[in-house]
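Engineer: Let me begin by handing over the structure; questions about it come next.
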Amino acid sequence: MRPSRSLSGARFFRLAAVLILVGLLAGCGYKTNPEPLRSPLPRAVKQFEIRQVGNAMRLSWIAPVKNQDGSLITNLDGFLIYRGVVSDDDQCSECGDTTNPLLKIGYEFPGPAFRNGKSFIFFDQELAENRAYRYRVAALNPNGSEGNPARIEKRFLTAPPPPTALTATGLDSLIRLIWSAPAATRPDFELIGYHLYKSDTAEGPLLDQLTTRPVTTTAFDDVRAKAGGTYRYAVRAVYRQEDTLLESAATRPAKATSRQRP
1469 MRPSRSLSGA RFFRLAAVLI LVGLLAGCGY KTNPEPLRSP LPRAVKQFEI
1519 RQVGNAMRLS WIAPVKNQDG SLITNLDGFL IYRGVVSDDD QCSECGDTTN
1569 PLLKIGYEFP GPAFRNGKSF IFFDQELAEN RAYRYRVAAL NPNGSEGNPA
1619 RIEKRFLTAP PPPTALTATG LDSLIRLIWS APAATRPDFE LIGYHLYKSD
1669 TAEGPLLDQL TTRPVTTTAF DDVRAKAGGT YRYAVRAVYR QEDTLLESAA
1719 TRPAKATSRQ RP
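Per my numbering, the sequence shown runs over residues 1469 to 1730.
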């Protein structure tokens, strides 16, 4: 029996429809396994600074706000910190970096680093005296990829002696701080003053620096203390060795409460 013309026509139209659909998909560049979108890479961290404080290097930086393509950053995974030893004859600004990072700092939970306002702060204490160290910090996008690195280096020196006997007394709308100069200083270190640090928390590091320039006296009034507020304080001596500034270890914290005026 010969197939009817209507049945043959139906098969023809179905075949034509399949061919047209395949052509449309091919023309649109359809892929069965499209690659996931990649997050843009962040720019370098800002205000990357280093200074020696006692037996540690204090690194601080601010997270970037834009990616390398100019888009605003909406999410960061954190930061990678690299550290390398710089040889005395090293003239390469990108040498001295270790192959593996020293550690990763989370953005939301930065421990063992600290967050103070917009700044991230890390104290590196595993250092050898009279060696120069080079650090590299890079922000990480949500995929864990590194952005542009920021680099800095500094020689780690023998820690100079700290001040002693810090006291804090609460007065009307201020807190008065008094301390003693270091008991002895080394001839190769010039004592140029003191920096004061403050915290309104019951424990933890004192990260808020009260002084933008070293004070040259052994007394200081914190007039920014809120009436009735309780604060902890510490003092570090600031020294100069040739062209390098460094700070001593901190005094033991002293605590006081500012009195409210009647």
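No residue lacks a Cβ here, since even glycine has one placed at the ideal position from N, Cα and C.
Predicted, not measured: the structure shown is a model, and the values here were computed from it.
(1) What distance in whole Å lies between the Cβ atoms of Asn1616 and Gln1536, which are believed to be in contact at a cut-off of 8 Å?
(2) Shortest alpha-carbon distance to Asn1568 belongs to which of Asp1556, Pro1578, Gly1552?
(3) With a cut-off of 8 Å on the beta carbons, I'd call Leu1595 and Tyr1601 a contact; round off their distance for me.
(4) Would the beta-carbon of Leu1642 fall within 8 Å of that of Ala1705?
(5) If you follow the beta strand (DSSP E) that Gln1593 is in, where does it begin and where does it stop?
(6) Would a C-beta distance cut-off of 8 Å place Gln1520 and Lys1586 closer than the cut-off?
(7) If we require 3 or more residues per run, which beta strand (DSSP E) segments fall completely within the region 1511 to 1576?
(8) Which stretch, first to last residue, makes up the beta strand (DSSP E) that contains Thr1653?
(9) Look up Leu1714 in the DSSP assignment and say whether it is helix, strand or coil.
(10) Say whether the region 1572 to 1582 touches the region 1631 to 1650, bearing in mind that this needs 3 or more beta-carbon pairs closer than 8 Å, one atom from each stretch.
(11) With a 10 Å radius around its C-beta and 16 neighbouring C-beta atoms as the bar for buried, classify Thr1719 as buried or exposed.
(12) Of the residues Arg1619, Ala1693, Leu1713, Leu1675, which one's Cα is nearest the Cα of Arg1727?
(13) Based on the DSSP secondary-structure assignment, which residues constitute the bridge partners of Lys1666?
(14) Whose C-alpha, out of Ala1512, Ile1530, Ser1667, is nearest the C-alpha of Val1703?
(15) Quick one, which of Pro1655, Val1683, Trp1529, Phe1657 has its alpha-carbon nearest Tyr1665's?
(16) Once the 5 residues before and after Pro1631 are set aside, which same chain residues still bring their CB inside 8 Å of it?
(17) Could you name the residues of the same chain whose beta carbon sits closer than 6 Å to that of Phe1547, not counting the 5 residues immediately before and after it, in chain order?
(18) Round the Cβ separation of Pro1628 and Leu1714 to the nearest angstrom and send it over; I've been treating them as touching at under 8 Å.
(19) Pull the bridge partners of Ala1636 from the DSSP assignment, please.
(20) Is the beta carbon of Ile1518 sitting closer than 8 Å to the one on Ile1620?
(21) So, at 7 Å on beta carbons, what are the nonlocal neighbours of Asn1611 in its own chain, with the 5 sequence-adjacent residues on each side left out?
Structural biologist: According to the structure shown:
(1) 7 Å
(2) Gly1552
(3) 7 Å
(4) no
(5) First-last for Gln1593: undefined, no H or E at that position.
(6) no
(7) 1514 to 1521, 1524 to 1530, 1546 to 1554, 1571 to 1574
(8) Per DSSP, Thr1653 belongs to no beta strand (DSSP E) and is neither H nor E.
(9) strand
(10) no
(11) buried
(12) Ala1693
(13) Answer by DSSP bridge pairing, in chain order: Asp1676, Tyr1701.
(14) Ser1667
(15) Val1683
(16) Taken in chain order, the residues that qualify are Trp1647, Ser1648, Ala1649, Pro1650, Tyr1662, Thr1686, Val1703, Arg1704, Ala1705, Ser1716, Thr1719.
(17) Ile1573, Val1605, Ala1607
(18) The Cβ separation is near 7 Å, so the contact holds.
(19) Leu1645
(20) yes
(21) Arg1506, Ser1507
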